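To keep things clear, I will list the structure first and then write my remarks on it.
Protein chains: 2
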Amino acid sequence: MHTITFLQDLAVVMIIAGLVTVVFRRLKQPVVLGYIIAGVIIGPHTPPYPLIHDEATINTLSELGVILLMFSLGLEFSLRKLTSVGVPALLAALMEIFLLFWAGIEVGRLFGWGTMDSVFLGAMLSMSSTTVIIKMLGEMGKMKERFAQLVFGILIIEDILGIAMIALLSGIAMTGTLGFVEVGRTLGRLGIFLAVVLVAGLLVVPRLTAYVARFKSNEMLVITVLGLCFGVSLLAMKLGYSVALGAFVIGAIVAETREIHRIEALIEPIRDMFSAVFFVAIGLLIDPKMLVVHWQPILVITLAVVVGKVLACTFGVFMGGNDTRTSLRAGMSLAQIGEFSFIIASLGVTLKVTSGFLFPIAVAVSALTTLSTPYLIRGADTLTDAFLRMAPRPLVNTLELYTGWVGQIGGQGAGNLARTLLWKWGAQMALNAVLIAAVFIAGAYVGAHPPAWLSGLGLDGH
Amino acid sequence: MHTITFLQDLAVVMIIAGLVTVVFRRLKQPVVLGYIIAGVIIGPHTPPYPLIHDEATINTLSELGVILLMFSLGLEFSLRKLTSVGVPALLAALMEIFLLFWAGIEVGRLFGWGTMDSVFLGAMLSMSSTTVIIKMLGEMGKMKERFAQLVFGILIIEDILGIAMIALLSGIAMTGTLGFVEVGRTLGRLGIFLAVVLVAGLLVVPRLTAYVARFKSNEMLVITVLGLCFGVSLLAMKLGYSVALGAFVIGAIVAETREIHRIEALIEPIRDMFSAVFFVAIGLLIDPKMLVVHWQPILVITLAVVVGKVLACTFGVFMGGNDTRTSLRAGMSLAQIGEFSFIIASLGVTLKVTSGFLFPIAVAVSALTTLSTPYLIRGADTLTDAFLRMAPRPLVNTLELYTGWVGQIGGQGAGNLARTLLWKWGAQMALNAVLIAAVFIAGAYVGAHPPAWLSGLGLDGH
């Protein structure tokens with residue numbers, strides 16, 4: 001009776017998930033945390049014990065949840081938006097990711113964790129939660145403000161670097177090394193894969209969806225889009241990348257089609273169903289006792305996330321030429337981890353290279369930082385006022401001078417048509433070059449100066 | 001690597017399903033047949049052979065397809081619509097179901113099939129295809145005509161009797177008997193189950209969905225509705241009914257909520273995804289060689305479906321007081337079998353009481369009768385004209401006299417307020433009483449006069 005077990009599990013997952021999310025919405029907490037708590041409740045570690053019988057099938061469905069989550073992220077991403085990301089967002093995202101990646105590795109070393117656990121922790125901490133931020137800013141009615149636009153730009157860069165990170169982590173986990181040659185080879189192969197899929201996809205997919213859309217059948221469009229989504233995810237998996245990577249890329253390609261709004265509306269309920277299963281499946285992995293045992297790392301990591309992200313993002317946005325208030329608002333919006341971190345954590349579980357305590361810690365940190373996010377956003381203005389009042393006058397003046405100076409550089413090109421056009425044409429290529437160069441330089445640096453925590457691995461890159 | 005196998009199967013299913021449906025839409029054939037052909041192509045019986053690896057998981061997902069198909073059928077059903085079904089539709093549906101059930105059993109006996117195969121064949125033939133009819137009438141722009149309203153009424157009665165039939169078939173398959181006491185007990189238990197679920201559901205579900213809808217989150221509504229759907233399906237299964245029954249009932253309850261239109265839009269893509277898997281899974285079961293071996297039953301059954309349904313429905317609608325043209329149009333629209341028959345066939349497979357040849361035959365008959373449906377609908381007017389021209393004058397006059405006489409009876413109550421109100425209040429109860437009485441009388445008759453084909457079973461009912 002395989003089917004009855006499965007149906008029972010699915011019914012339990014959906015009913016408990018539904019109940020807990022209602023409670024969480026009433027408490028104005030994000031639904032994602034509700035799903036995870038639901039998973040803990042029906043999981044094997046908490047009474048009443050035997051609520052889920054066929055964990056393998058639930059995990060298979062939760063893999064579909066990862067694919068559909070990343071596909072939706074890709075749908076919202078859109079290659080065109082990339083060209084509108086400004087220098088401040090790029091600076092802030094790069095600073096945030098490097099600082100938090102380093103902080104994660106250092107914290108792991110502090111608690112004596114293995115290399116892989118530390119590396120995955122670093123990757124998890126470097127990503128913020130698009131879901132939480134969009135929900136919070138939406139509820140506060142701040143979606144249209146300038147700092148919100150900066151935050152969305154930062155999240156887009158995070159998505160790209162997160163995708164590169166997932167590819168690198170898969171490579172590290174499989175070869176066990178992080179040498180210069182490996183990083184280069186992995187990124188080179190990734191670049192070729194992305195280039196081929198993007199070019200082929202942008203040539204074929206818009207024509208395909210336009211053709212299918214002519215039949216005016218939602219059913220055909222859903223099946224076609226799901227076929228594309230699962231097909232490219234499978235292709236990525238077969239080539240040694242994660243399904244998350246493939247799903248994101250095909251999502252970004254589908255985002256370029258004319259039918260994107262119809263497709264988004266059709267995919268949303270399917271994503272909601274499977275992402276609920278994914279988050280509940282995370283809860284199934286969590287033993288609440290782990291949270292008590294690991295309270296120290298949880299507190300330290302939470303502190304590192306909040307302080308690190310606020311500092312890195314505020315500084316990056318400010319360096320890009322924004323005033324103190326906007327910079328602090330943007331920085332304080334990004335101080336949490338969420339679904340992308342869970343996807344990275346589940347990659348570690350799938351590849352069997354991370355320890356069991358990483359997931360509960362990530363969930364606890366995500367819960368704490370999510371809870372603090374609305375207070376941080378609301379506190380940004382108070383903090384700015386206090387800073388402007390209490391900081392020494394010369395410092396405030398210098399900061400304002402810098403903001404004005406960078407703003408002037410950015411404004412000079414206006415009115416010059418040739419330069420404007422050149423800027424538009426060159427923007428995407430330049431941005432891509434900067435991104436790739438940054439990752440390469442970082443890889444080269446790490447390869448040439450392996451930090452102590454890498455000494456456990458064979459470094460055959462040089 | 002369970003997950004990679006599963007993802008590969010799902011990707012193959014969606015891609016092939018997408019391709020074949022495009023071809024079928026271009027050929028103006030229903031998408032359902034396209035899915036089944038896709039299943040045959042990727043199935044184990046046709047080259048290239050090894051396209052599906054994990055049939056068990058595909059079958060589990062196809063079970064979700066059955067649940068969501070029946071749930072959608074319930075959503076479109078709505079208890080309120082039941083009160084607007086007229087006497088002609090009721091008469092036609094009862095005649096159709098009894099005639100075709102009998103015809104199916106006789107055909108099974110003719111070819112020397114086992115009792116269970118014959119009984120399931122009878123049940124399969126008695127149902128028409130809502131999907132095919134709605135699609136065909138929609139494409140022809142005939143949805144608003146009087147005969148179309150009659151056809152939809154007949155389909156609603158078919159749904160109810162089909163649900164009762166599924167419960168009876170499960171009972172027969174498990175006890176192996178069809179005595180008076182068994183039928184009575186099964187229908188009695190079914191009645192109690194339906195009454196309890198309906199009363200509890202109508203009290204709780206509208207309040208629940210209204211409460212959840214207040215949060216204005218599609219995600220929460222999807223999860224809540226899926227929880228209800230899977231939960232009640234599971235409850236039905238635990239009590240010994242099929243999941244199809246439970247899904248239909250909870251669908252009919254959800255149809256009474258204020259949020260029905262939002263819910264329908266949200267559930268549609270999920271249903272499309274899983275029903276595609278369900279129909280493809282049917283294709284997986286089919287060995288094309290079976291079609292060649294069983295060409296005789298396929299032809300005979302196709303003929304029985306077309307002739308039997310046209311005769312029974314035309315006669316029933318005419319008896320209810322419609323003119324010859326309307327009656328023939330309605331009768332000729334209903335002459336096919338489809339998804340409900342596949343659900344009954346898969347019930348037989350799940351209960352392991354039917355033979356392997358039943359599915360391919362049902363699919364072939366469904367294909368042939370679906371292909372003939374548009375020609376029959378278009379041919380109805382030609383046939384009526386020919387009949388009115390060639391039939392003896394006295395017969396035509398008698399028919400018109402009858403139509404006028406029944407119409408007069410129906411019209412007498414108009415203007416009398418008390419009678420109109422009484423009619424409205426009493427309509428649903430009377431209709432239900434007629435339905436239940438009809439099934440009971442039929443059961444009693446079969447129990448008292450067991451036909452020869454029942455002699456193989458132990459009849460301990462008297």
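Residue numbers (the numbering used here), protein chains in the order written: chain P, 1 to 462; chain G, 1 to 462.
Even for Gly, the Cβ is constructed at its ideal location relative to N, Cα and C.
What you are looking at is a predicted structure, and each value in this text was computed from that prediction instead of being measured.
Could you say which of the options lies nearest to residue i if we only look at CA atoms?
i	options	result
Leu19/P	Thr224/G, Leu79/G, Gln29/G, Cys313/G	Thr224/G
Arg207/P	Leu137/P, Ser217/P, His261/P, Ile253/P	Ile253/P
Gly246/P	Phe278/P, Gly201/P, Arg271/P, Met220/P	Gly201/P
Val479/P	Ala265/G, Thr324/G, Lys216/G	It is not possible to answer for residue 479/P, since the shown part of chain P is limited to 1 through 462.
Ile377/P	Glu96/P, Lys135/P, Val40/P, His53/P	Lys135/P
Thr384/G	Asp54/G, Ile337/G, Ser355/G, Gly331/G	Gly331/G
Phe248/P	Thr257/P, Glu259/P, Ala236/P, Gly240/P	Ala236/P
Ile298/P	Thr369/P, Gln8/P, Glu256/P	Thr369/P
Leu281/G	Ala17/G, Leu7/G, Thr5/G, Ile4/G	Position check: residue 281/G holds Ala in this sequence, whereas Leu was assumed. For Ala281/G, the nearest C-alpha among the options comes from Ala17/G.
Gly338/P	Ala362/P, Phe6/P, Phe318/P, Ala195/P	Ala362/P
Gly153/P	Gly43/P, Cys229/P, Leu334/P, Phe6/P	Leu334/P
Phe147/G	Gly86/G, Leu266/G, Arg393/G	Gly86/G
Leu161/P	Gln149/P, Ala367/P, Leu110/P, Leu91/P	Leu91/P
Met124/G	Leu33/G, Leu198/G, His294/G, Thr302/G	Thr302/G
Met273/P	Gly227/G, Ile250/G, Pro394/G	Gly227/G
Tyr375/G	Ala244/G, Ile4/G, Gln29/G	Gln29/G
Ala56/P	Gly348/G, Met70/G, Ile4/G, Ile105/G	Ile4/G
Leu94/G	Gln149/G, Ala312/G, Ser372/G	Ala312/G
Helix, strand or coil: how does DSSP classify residue i here?
i	result
Glu55/G	helix
Ile67/P	helix
Leu226/G	helix
Gln29/G	coil
Leu334/G	coil
Val20/G	helix
Trp113/P	coil
Gly43/G	coil
Asn397/G	helix
Thr369/G	helix
Pro392/P	coil
Tyr35/G	helix
Arg258/G	coil
Ile361/P	helix
Lys81/P	helix
Which whole-angstrom value is the C-beta distance of residue i and residue j, which I expect to be below 8 Å?
i	j	result
Phe24/G	Val13/G	About 16 Å; that fails the 8 Å criterion.
Phe120/G	Leu169/G	7 Å
Phe340/P	Gly65/P	The Cβ separation is near 13 Å, so there is no contact.
Met116/P	Val353/P	4 Å
Answer with buried or exposed for residue i, where buried requires no fewer than 16 other C-beta atoms within 10 angstroms of its C-beta.
i	result
Met390/P	exposed
Ala364/G	buried
Leu10/P	buried
Lys309/G	buried
Asn59/G	buried
Glu96/G	buried
Ala210/P	exposed
Met174/P	exposed
Gln412/G	Its pLDDT being 46, under 50, Gln412/G is placed unreliably by the model, and nothing is read from it.
Val132/G	buried
Ile192/P	exposed
Met1/P	In this predicted model, Met1/P has a pLDDT of only 41, less than 50, meaning its place in the structure is not dependable enough to derive any value.
What residues in its chain sit with their C-beta under 7 Å from that of residue i, if we drop five residues either side in the sequence?
i	result
Glu264/P	Leu75
Ile270/G	Leu68
Thr403/P	Gly321, Asn322, Asp323
Met143/G	Leu137
Gly171/G	Glu182, Thr186
Phe342/P	Ile282, Ala362
Leu328/G	Thr314, Ala380, Leu383, Thr384
For residue i, verify whether its CB is less than 7 Å away from any heavy atom of the ligand MN.
i	result
Thr46/G	Only the bare structure without any ligand can be found here, which leaves the ligand MN out of the picture.
Starting from the C-beta of residue i, find all residues in its chain whose C-beta is less than 6 Å away, skip the five residues before and the five after it, and write them out in chain order.
i	result
Tyr35/P	Ala17, Ala276, Phe279, Val280
Leu284/G	Gly39, Gly43
Under 8 Å Cβ to Cβ from residue i, same chain only, skipping five residues before and after it: list those, please.
i	result
Leu7/P	none
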